[in-house]
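Participant: Handing you this structure, nothing more for now.
Protein chains: 2
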Amino acid sequence: MPVPKGSTIDPERTRSSIIDAATPLLYERGLDGIGVAELCSRLGVSKETLYRHFGNKDGLVEAVLKARSDRVTSWIATAAAAAGEDPRDQLAAVFDELQQWYEEPSFRGCAMHNAAAQHQAQPVTGITARHLDRRLDLLTAIARRAGAADPETLGRQLLLLVEGATLIAAHHDRTSAGTHAKQAALALLDAARPAGA
Amino acid sequence: MPVPKGSTIDPERTRSSIIDAATPLLYERGLDGIGVAELCSRLGVSKETLYRHFGNKDGLVEAVLKARSDRVTSWIATAAAAAGEDPRDQLAAVFDELQQWYEEPSFRGCAMHNAAAQHQAQPVTGITARHLDRRLDLLTAIARRAGAADPETLGRQLLLLVEGATLIAAHHDRTSAGTHAKQAALALLDAARPAGA
DNA sequence: TTGCGATCGAACCGATCGGTACGAACTCGG
DNA sequence: CCGAGTTCGTACCGATCGGTTCGATCGCAA
Numbered sequence: 009m010p011v012p013k014g015s016t017i018d019p020e021r022t023r024s025s026i027i028d029a030a031t032p033l034l035y036e037r038g039l040d041g042i043g044v045a046e047l048c049s050r051l052g053v054s055k056e057t058l059y060r061h062f063g064n065k066d067g068l069v070e071a072v073l074k075a076r077s078d079r080v081t082s083w084i085a086t087a088a089a090a091a092g093e094d095p096r097d098q099l100a101a102v103f104d105e106l107q108q109w110y111e112e113p114s115f116r117g118c119a120m121h122n123a124a125a126q127h128q129a130q131p132v133t134g135i136t137a138r139h140l141d142r143r144l145d146l147l148t149a150i151a152r153r154a155g156a157a158d159p160e161t162l163g164r165q166l167l168l169l170v171e172g173a174t175l176i177a178a179h180h181d182r183t184s185a186g187t188h189a190k191q192a193a194l195a196l197l198d199a200a201r202p203a204g205a
Numbered sequence: 009m010p011v012p013k014g015s016t017i018d019p020e021r022t023r024s025s026i027i028d029a030a031t032p033l034l035y036e037r038g039l040d041g042i043g044v045a046e047l048c049s050r051l052g053v054s055k056e057t058l059y060r061h062f063g064n065k066d067g068l069v070e071a072v073l074k075a076r077s078d079r080v081t082s083w084i085a086t087a088a089a090a091a092g093e094d095p096r097d098q099l100a101a102v103f104d105e106l107q108q109w110y111e112e113p114s115f116r117g118c119a120m121h122n123a124a125a126q127h128q129a130q131p132v133t134g135i136t137a138r139h140l141d142r143r144l145d146l147l148t149a150i151a152r153r154a155g156a157a158d159p160e161t162l163g164r165q166l167l168l169l170v171e172g173a174t175l176i177a178a179h180h181d182r183t184s185a186g187t188h189a190k191q192a193a194l195a196l197l198d199a200a201r202p203a204g205a
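Quick look at the structure:
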């Protein structure tokens, strides 16, 4: 029981603990694959508490997806930064990290993409688009630091590879998608640099 | 009314007309976004007829997805074949065709991917995996005809670009995903050829 | 003409859905 | 010690879900 009976020390703590606990459930079962009743029961929280904090189920979904997007984005950025100064190494590290994710048993594809496929409406589509915006920014920055002739284009191409790899890992072959994407990404990076360097 | 009151000339015709009519509805609204009742009403068909032909809703979904996969697969293959003999031209034609698809107002991503994101279970996942198998075969064949040093690897990389482009077009930017994917694909193809040719 | 099979339309079923209401239990600040 | 605020558990609501059943209607083959 994450929350005792009476008034909690901090209502804000309750809210974020609900988000944390609901995230894997909504990811595994799908946004519509689990009802509010079961959700609350698994969370150890009453419906009233959930509805006071989030208004309705969409409010919870929105909060969960935003938190997830933030977490995943910083996770990727951290993995890139940890690979050192060389943008080429950073790019390789991103795909290595992705491949490790794909091989986790709990991997079921990108939560944002799954959500957008289920709820083709706001706020989910907006959160997903923002998520991809941020990822594009990160990849474009790597392309720019690598000295690509057209970093905007290369960034978008790298984005295709990242998201394509995640999708293929989810629906086709999780053992090699990241590796193949890495090879392709490095080849595109090398080809996009002006002669020399 | 696609089917009059009494016995139809051909029950098989009824079945395929149901599939054809249900396909866009399930695509637009999502597998769980439209109920059997509304589905039947829009199809101009009674529940009894639908359930006799398909057993249950999953049976209809399965039939719709299989038909869709067949249709899309042959559509891509036809576009490639129409581009002439040069595998490089064929590859470019595939992405041009995809880009045109993305720009259609009714475009909502790949039906198979959307379905798999919603129903992470058989038979949907199996149909989606088979769909990707066939697409991989087509792309690998192009890679092989182009003289790639490792056509299996290049085929998988091209698959990443195709599916990544469709996903990005659906959730982020439908105006340029196909074009960027085409440029990346051609660059990978050129880089994968042994020196010369 | 008779009978079989396909179809319609509507009623009906139990289950589940998202969401609300309420009394009781509990904590904490004043 | 008391009242405000939080939470629980449960019951409840109307709507919708997938699926079944049934009488009536109609086409077609024998």
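Residue numbers (our numbering), protein chains in the order written: chain H, 9 to 205; chain Z, 9 to 205.
All C-beta atoms in this analysis are idealised placements derived from N, C-alpha and C, irrespective of residue type, glycine included.
Predicted model only: the values in this text are computed from it and were never measured.
(1) Just to confirm before moving on: does the CB-CB distance between arginine 26 (chain Z) and valine 53 (chain Z) stay below 8 Å?
(2) Compare the C-beta of serine 24 (chain Z) against all C-beta atoms of chain H and say whether one is closer than 8 Å.
(3) Name the chain Z residues whose beta carbon is nearer than 7 Å to that of alanine 192 (chain H)?
(4) Is it buried or exposed for threonine 86 (chain H), if we count other Cβ within 10 angstroms and need 16 for buried?
(5) Would a check of beta-carbon distances place aspartate 172 (chain H) closer than 8 Å to chain Z?
(6) Could you work out which residues of chain Z lie near serine 184 (chain H), taking near to mean beta carbons separated by less than 8 Å?
(7) Check the Cβ-Cβ distances between arginine 116 (chain Z) and every residue of chain H, and say whether any is below 8 Å.
(8) Let me check understanding here. Comparing Cα to Cα, which of Z:Arg37, Z:Ile84, Z:Arg96, Z:Glu111 lies closest to aspartate 145 (chain Z)?
(9) Should proline 202 (chain H) be flagged as near chain Z, meaning a C-beta pair shorter than 8 Å?
(10) Output, in chain order, the set of chain Z residues within a Cβ distance shorter than 8 Å of threonine 161 (chain H).
(11) Please list, in chain order, the residues of the segment 69–91 of chain Z that have any C-beta partner in chain H closer than 7 Å.
(12) Among the residues of its own chain, which have a CB less than 8 Å from the CB of lysine 74 (chain Z), if the five just before and after it don't count?
(13) In chain order, what residues of the same chain lie with their CB nearer than 7 Å to the CB of isoleucine 42 (chain H), ignoring the 5 residues before and after it?
(14) Do three or more CB pairs link the segment 122–140 of chain H to the segment 156–163 of chain Z at distances below 8 Å?
(15) Taking all protein chains shown into account, do 16 or more other C-beta atoms lie within 10 angstroms of the C-beta of proline 95 (chain Z), making it buried, or fewer, making it exposed?
(16) For aspartate 40 (chain Z), which residues in chain H fall below 7 Å Cβ to Cβ?
(17) Alpha carbon to alpha carbon, how far is alanine 200 (chain Z) from glycine 38 (chain Z)?
(18) When the distance is taken between beta carbons, is alanine 189 (chain Z) closer than 8 Å to leucine 168 (chain H)?
(19) Just to confirm before moving on: does the CB-CB distance between leucine 99 (chain H) and isoleucine 150 (chain H) stay below 8 Å?
(20) So that I know if they touch, is there some Cβ in chain H lying closer than 8 Å to that of histidine 5 (chain Z)?
(21) Compute the Euclidean distance between the alpha carbons of threonine 81 (chain H) and arginine 142 (chain H), then round it to the nearest angstrom.
(22) Taking Cβ positions only, does alanine 151 (chain H) come closer than 8 Å to chain Z?
(23) What's the gap between the Cα of arginine 50 (chain H) and the Cα of arginine 79 (chain H)?
(24) Answer with yes or no whether the minimum CB distance from leucine 99 (chain Z) to chain H is below 8 Å.
(25) Between glutamine 126 (chain Z) and the rest of its own chain, which residues show a CB-CB distance below 8 Å, the 5 nearest in sequence each way excluded?
(26) Within the 8 Å Cβ cut-off, does aspartate 28 (chain Z) reach chain H?
(27) Would you verify that the beta carbon of alanine 125 (chain Z) is, or is not, closer than 8 Å to some beta carbon of chain H?
(28) Quick check on the DSSP output: the alpha helix (DSSP H) that includes glutamine 108 (chain H) runs from which residue to which?
(29) Please look up how many angstroms separate the CB atoms of glycine 92 (chain H) and threonine 174 (chain H), rounded, as I've assumed it's under 8 Å.
(30) Proline 159 (chain Z) lies in the alpha helix (DSSP H); which residues open and close that run?
(31) Is it right to say alanine 124 (chain H) is buried, meaning 16 or more other beta carbons lie within 10 angstroms of its own, or is it exposed?
Facilitator: Reading off the structure:
(1) Contrary to the premise, residue 26 (chain Z) reads as isoleucine rather than arginine in this sequence. Contact: yes.
(2) Judged by the 8 Å Cβ criterion, serine 24 (chain Z) is not in contact with chain H.
(3) For the C-beta of alanine 192 (chain H), the chain Z residues within less than 7 Å are, from N- to C-terminus, Gln165, Leu168, Leu196.
(4) exposed
(5) The question names aspartate, but residue 172 (chain H) is glycine in the sequence shown. Yes, because at least one Cβ of chain Z sits closer than 8 Å to the Cβ of glycine 172 (chain H).
(6) Arg164
(7) yes
(8) Comparing Cα positions, the closest option is Z:Ile84.
(9) For proline 202 (chain H), the closest Cβ of chain Z is not nearer than 8 Å.
(10) By Cβ distance, chain Z contributes His188, Gln191.
(11) none
(12) By the criterion of a C-beta distance shorter than 8 Å, lysine 74 (chain Z) is surrounded in its chain by Ile135, once the five residues flanking it on both sides are discounted.
(13) Leu33, Leu34
(14) They do not touch, by the three-pair rule.
(15) buried
(16) Asp40
(17) 39 Å
(18) For the pair leucine 168 (chain H) and alanine 189 (chain Z), the CB atoms are nearer than the 8 Å cut-off.
(19) Yes. Within cutoff.
(20) Residue numbering for chain Z in the displayed model covers 9 to 205; residue 5 (chain Z) lies beyond these limits and cannot be assessed.
(21) For threonine 81 (chain H) and arginine 142 (chain H), the distance between alpha carbons rounds to 7 Å.
(22) no
(23) Separation of arginine 50 (chain H) and arginine 79 (chain H) (C-alpha to C-alpha, rounded to the nearest whole angstrom) is 23 Å.
(24) no
(25) Gly38, Leu39, Asp40, Val132
(26) no
(27) yes
(28) 95–110
(29) Contact flag wrong, Cβ pair sits at about 24 Å.
(30) 159–179
(31) buried
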